[in-house]
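Contents: one structure, followed by commentary.
2 protein chains.
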Amino acid sequence: MTRTRKKILEILETAETPLSALGVEARTLSSCDTATVYRSLHYLEEQGLADSFVLFCREHGTERYYVANSAKHRHWFHCEVCHRFVDLGECRVEPLLSQMEAATGVRIRSHTLYATGTCADCLHAGQQAASRSHQEGEYPRQGE
Amino acid sequence: MTRTRKKILEILETAETPLSALGVEARTLSSCDTATVYRSLHYLEEQGLADSFVLFCREHGTERYYVANSAKHRHWFHCEVCHRFVDLGECRVEPLLSQMEAATGVRIRSHTLYATGTCADCLHAGQQAASRSHQEGEYPRQGE
DNA sequence: TTAAAAATGCGAATGATTTGCAAATATACC
DNA sequence: GGTATATTTGCAAATCATTCGCATTTTTAA
Numbered sequence: 064m065t066r067t068r069k070k071i072l073e074i075l076e077t078a079e080t081p082l083s084a085l086g087v088e089a090r091t092l093s094s095c096d097t098a099t100v101y102r103s104l105h106y107l108e109e110q111g112l113a114d115s116f117v118l119f120c121r122e123h124g125t126e127r128y129y130v131a132n133s134a135k136h137r138h139w140f141h142c143e144v145c146h147r148f149v150d151l152g153e154c155r156v157e158p159l160l161s162q163m164e165a166a167t168g169v170r171i172r173s174h175t176l177y178a179t180g181t182c183a184d185c186l187h188a189g190q191q192a193a194s195r196s197h198q199e200g201e202y203p204r205q206g207e
Numbered sequence: 064m065t066r067t068r069k070k071i072l073e074i075l076e077t078a079e080t081p082l083s084a085l086g087v088e089a090r091t092l093s094s095c096d097t098a099t100v101y102r103s104l105h106y107l108e109e110q111g112l113a114d115s116f117v118l119f120c121r122e123h124g125t126e127r128y129y130v131a132n133s134a135k136h137r138h139w140f141h142c143e144v145c146h147r148f149v150d151l152g153e154c155r156v157e158p159l160l161s162q163m164e165a166a167t168g169v170r171i172r173s174h175t176l177y178a179t180g181t182c183a184d185c186l187h188a189g190q191q192a193a194s195r196s197h198q199e200g201e202y203p204r205q206g207e
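Those protein sequence lines, which keep their order, are chains A and B.
For the numbering used here, count along the first sequence from 1 and bump the result up by 63.
For the numbering used here, count along the second sequence from 1 and bump the result up by 63.
As C-alpha cells, then:
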C-alpha cells in the first residue's frame with residue numbers, strides 16, 4: 064500500500080464520524096490531489112478497508128461519505144441543523160435483511176441505513192427558541 | 064396543483080419501482096422540461112406526496128430516486144447486475160429507530176434504508192454461468 | 001539496481017442537478 | 001367571466017461532486 068493510501072486510511076480510522084472526500088482532502092492538509100483522494104477512497108473500499116454511503120442534505124447537496132471498516136459496521140444520524148453526524152451504534156438490521164433476502168430471493172451484498180433529523184444539541188437550542196417565539200412545532204416523522 | 068405536477072405525481076403513483084428524475088422525464092415522453100421535472104419532484108416531496116433516496120450504482124452513478132408516498136413507506140433492493148429495483152416490503156426499522164432515538168437523544172425526521180446485491184433472476188443466470196465456467200464465487204456480505 | 005507496473009498530479013470533461021430570466025399558466029378578486 | 005398578480009414553466013447557462021486522459025513519479029518484482 065502506498066504512503067498516500069496509508070495516510071488516507073489513517074484519516075478515516077482516526078475520524079470520529081464519516082467524512083466526505085473533500086473532508087478527507089482537507090485533513091491531508093491538501094497534500095493530496097482531489098483526484099487522488101477519490102481514487103484512494105475507491106481503492107480502500109474495494110479492499111474492504113472502508114465503507115461509504117451517499118447522503119443528501121440541503122447544505123452540502125449530494126455527497127458520498129466514508130468510514131473506516133476497522134470496527135463493526137455502524138449506522139449514522141445526520142443533523143439537518145448543524146450537519147454533524149451522530150453515531151447510532153452497531154448495525155441491528157442484519158436479521159431483518161436476512162428475512163427480506165429469504166422472502167424475496169435476492170442476494171444482499173451491502174446495505175445503507177441512516178437517519179436524518181435534529182440532534183440533541185440543536186433540539187435544545189430549538190426548544191429555547193420555541194419558548195421565546197412560540198414558533199416551534201412538531202416535525203412530522205417520515206421514512207425514505 | 065398544476066397539470067404538470069399532477070402528471071408527475073401520477074407517474075410516481077403508477078410506477079412499480081422508484082424512478083430517477085430522468086426516468087420520470089422519460090415517462091412524460093419528454094413533454095416536460097428537465098428543470099421542471101426536478102422542481103416538481105421537489106415540490107411533491109415538500110408536500111409529503113413523494114419520498115426520495117439517493118443511491119449510487121456503478122452503471123448510473125449517484126442519482127436520486129423518487130417514490131409516491133401514497134402507500135405505506137417501503138424499502139427497496141437494487142440489483143447491481145440488471146439495475147432493477149425489488150420491493151423489500153413495508154418498513155420494519157421504525158422500532159429500531161425509536162430505540163436509537165431514545166438512546167441518543169436525536170429527533171429522527173426521516174430515514175433511508177436500501178440494500179444492493181444480486182436479484183433472484185440474475186442470481187440464477189449467474190449460477191448457470193458458474194456451472195459452465197466454474198468462475199462464480201461467494202459475494203462477501205457487507206454493510207454501509 | 002533496474003525495468004515494468006501502478007499511482008499521482010494537473011487540467012479538462014462529465015453528468016446530475018440548479019438557477020436566472022422571460023414567457024406562459026394558475027389563482028384571486030371584481 | 002375577465003383581468004391583475006403570483007406562481008410555474010422552458011430554455012440556456014452555471015454548479016458542483018466526481019471522473020478521466022496523460023505525462024510524471026513512485027512502487028513493485030526480479
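Ideal Cβ placement from N, Cα and C applies to all residues, glycine included.
Proximity of the segment 166 to 177 of chain A to the segment 140 to 152 of chain B meets the contact definition, three or more beta-carbon pairs being nearer than 8 Å. Distances from the alpha-carbon of D114 of chain A to those of A:A89, A:S83, A:Q162 put A:S83 closest.
Boundaries for H146 of chain A: no alpha helix (DSSP H) harbours it, and the DSSP string shows neither H nor E there. Note: T67 of chain B is not bridge-paired with any residue in the DSSP secondary-structure output.
A contact between stretches requires three or more CB pairs, one per stretch, nearer than 8 Å, and the segment 71 to 91 of chain B meets this requirement with the segment 120 to 129 of chain B. Neighbours of V117 of chain B in chain A, taken as residues whose beta carbon is under 8 Å from its own, are V117, L118, F119, T125 in chain order. Within the segment 136 to 164 of chain B, contact with chain A at the beta-carbon level (separation under 9 Å) is assigned to H136, R137, H138, F140, C142, E143, V149, D150, L151, G152, C154, R155, V156, E157, L159, L160, Q162, M163, E164. Residue pairing for G180 of chain A: DSSP places it in a beta bridge opposite A:C142, B:I171. Between T167 of chain B and chain A, the shortest Cβ-Cβ separation is below 7 Å.
One finds G168, V169, R170 in chain B with Cβ atoms closer than 9 Å to the Cβ of L186 of chain A, taken in chain order. Cβ-Cβ distances below 8 Å link E122 of chain A to H146 in the same chain, with the five nearest sequence neighbours on each side left out; the list follows chain order.
Contact note: A183 of chain B reaches chain A through T167, G168, V169, R170, using a C-beta cutoff of 9 Å and chain order. Going by beta carbons, T97 of chain B and E143 of chain B fall outside the 7 Å limit.
Judged by DSSP in its simplified three-state form, T125 of chain A adopts strand. In this structure V117 of chain B is not in contact with F140 of chain A, their Cβ atoms being roughly 16 Å apart against a cut-off of 8 Å.
By the C-beta density criterion, E73 of chain B is exposed, having fewer than 16 other C-beta atoms within 10 angstroms. In this structure, DSSP gives A89 of chain B a helical state, which the three-state scheme calls helix. Around C182 of chain A, the same chain offers C142, V149 as residues with beta carbons nearer than 6 Å, after the five sequence neighbours per side are excluded. One thing to note: R68 of chain A has its Cβ within 7 Å of the Cβ of S103 of chain A. Exposed is the label assigned to R66 of chain A, since fewer than 16 other Cβ atoms lie within 10 Å of its Cβ.
A residue is called buried once 16 or more other Cβ atoms fall within 10 Å of its Cβ, and S93 of chain B, having fewer, is exposed.
In the DSSP assignment, the residues bridged to C120 of chain A are A:G124. Among the bridge pairs identified by DSSP, S115 of chain B is matched with B:Y129.
DSSP places T97 of chain B inside the alpha helix (DSSP H), whose first and last residues are 97 to 109. Around the beta carbon of L85 of chain B, fewer than 16 other beta carbons lie within 10 angstroms, which makes this residue exposed.
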